[in-house]
Amino acid sequence: MIGLRRVGPAEFTARLDAVLAVYTAAMRPPKDQVPGRRTIMENHSVQPGFSCVFAEDAAGTPVGLAYGFHGVPGQWWHDVVMRALADRNGEGSARGWLGDAFDLAEVHVHPDHQGRGIGRAMVVAVCGGRPERTAVLSTRDRPTTARHLYHSMGFVDLLTRFVFPGGHERYAILGTVLPLKPMAGRPADA
Ligand SMILES: CC(C)(COP(=O)(O)OP(=O)(O)OC[C@H]1O[C@@H](n2cnc3c(N)ncnc32)[C@H](O)[C@@H]1OP(=O)(O)O)[C@@H](O)C(=O)NCCC(=O)NCCS
1 MIGLRRVGPA
11 EFTARLDAVL
21 AVYTAAMRPP
31 KDQVPGRRTI
41 MENHSVQPGF
51 SCVFAEDAAG
61 TPVGLAYGFH
71 GVPGQWWHDV
81 VMRALADRNG
91 EGSARGWLGD
101 AFDLAEVHVH
111 PDHQGRGIGR
121 AMVVAVCGGR
131 PERTAVLSTR
141 DRPTTARHLY
151 HSMGFVDLLT
161 RFVFPGGHER
171 YAILGTVLPL
181 KPMAGRPADA
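Once you know that position 80 of the sequence shown is 80 in UniProt numbering, the rest is easy, because the numbers rise by one and skip nothing.
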């Protein structure tokens, strides 16, 4: 039995080992990138409006997590994406999408538990009750499960084939107006 639970920044950082275990199993990053990811997550946890949902098994072990925070100037992702959106779609579009946005930074489910609705339920839960006008995120610009999930919840592509500074892989920037549509919590064909 898997349950969802909101956790604050203090518990999130205290349980970073468990968080990174889910992240590593889901994303399979090169081992040498994991310490850097820990630092990024620690920095995320102190951003304004940080909000996290754990999916936990009966023993209280996290098998999934979703978190985000309020996007503000000075955050690397916010500034890079604001500039890119402004360049491609104009300042008005960039401000409209990112001026009052919940940055959905990470969504991961352990492979043993994928495909059972946990990812969808966590995104609905972590976006629920947010005060921001929009939610935004980046994901690999490929036909992945994540891309399918976000589109089925009402997210639209704001930018595609976007390469972050220092990177090489292509990403898509997605956004949706909040609150999520009621059907975001249900399978697309339900
Ligand atoms: C993306 C992820 C978080 C989704 O979580 P999940 O619990 O597996 O997803 P859900 O069970 O809620 O299913 C979401 C949708 O994806 C579909 N889906 C699930 N597994 C799938 C698979 N292996 N292949 C294709 N579609 C799949 C589901 O059918 C569902 O769509 P539907 O409701 O239209 O039927 C999870 O698969 C994951 O952690 N992936 C690896 C890490 C990752 O990519 N994170 C996101 C980074 S942006």
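Virtual Cβ for every residue (Gly too), placed ideally from N, Cα, C.
None of the values given here were measured: they were computed from a predicted structure.
Own chain partners of residue i with C-beta closer than 6 Å, once the 5 adjacent residues on each side are dropped
i, result
"leucine 137", "Leu104 and Leu174"
Residue i versus residue j: straight-line alpha-carbon distance, rounded
i, j, result
"histidine 148", "leucine 65", "18 Å"
"valine 109", "tyrosine 23", "8 Å"
"arginine 161", "proline 143", "13 Å"
"proline 165", "aspartate 57", "38 Å"
"tyrosine 150", "alanine 125", "14 Å"
"serine 51", "histidine 70", "9 Å"
"aspartate 112", "proline 62", "12 Å"
"glycine 119", "glycine 92", "32 Å"
"alanine 55", "valine 123", "11 Å"
Helix, strand or coil at residue i according to DSSP, with G and I counted as helix
i, result
"glutamate 132", "coil"
"isoleucine 40", "helix"
"valine 107", "strand"
"aspartate 112", "helix"
"aspartate 17", "helix"
"aspartate 57", "coil"
Residue-chain proximity (residue i, chain C), Cβ-Cβ < 8 Å
i, result
"valine 109", "Absent from the structure: chain C. Only one protein chain is present."
Same chain, Cβ closer than 7 Å to residue i, neighbours up to 5 away in sequence not counted
i, result
"glycine 154", "Thr176, Leu180, Lys181 and Ala184"
"residue 205", "For the chain, the structure presents residues 1 to 190; residue 205 sits outside this window and is missing."
8 Å Cβ shell around residue i - same chain, five flanking residues per side excluded
i, result
"valine 163", "Glu169, Arg170 and Tyr171"
"threonine 139", "Ala146, Arg147, Tyr150, Tyr171, Ala172 and Leu174"
"glutamate 42", "Thr13 and Leu16"
How do the stretch 83 to 103 and the stretch 10 to 26 stand: do at least 3 beta-carbon pairs fall below 8 Å, yes or no?
No, they do not touch.
Cβ contact (3+ pairs, closer than 8 Å) linking the stretch 71 to 86 and the stretch 23 to 38:
Short answer: they don't touch.
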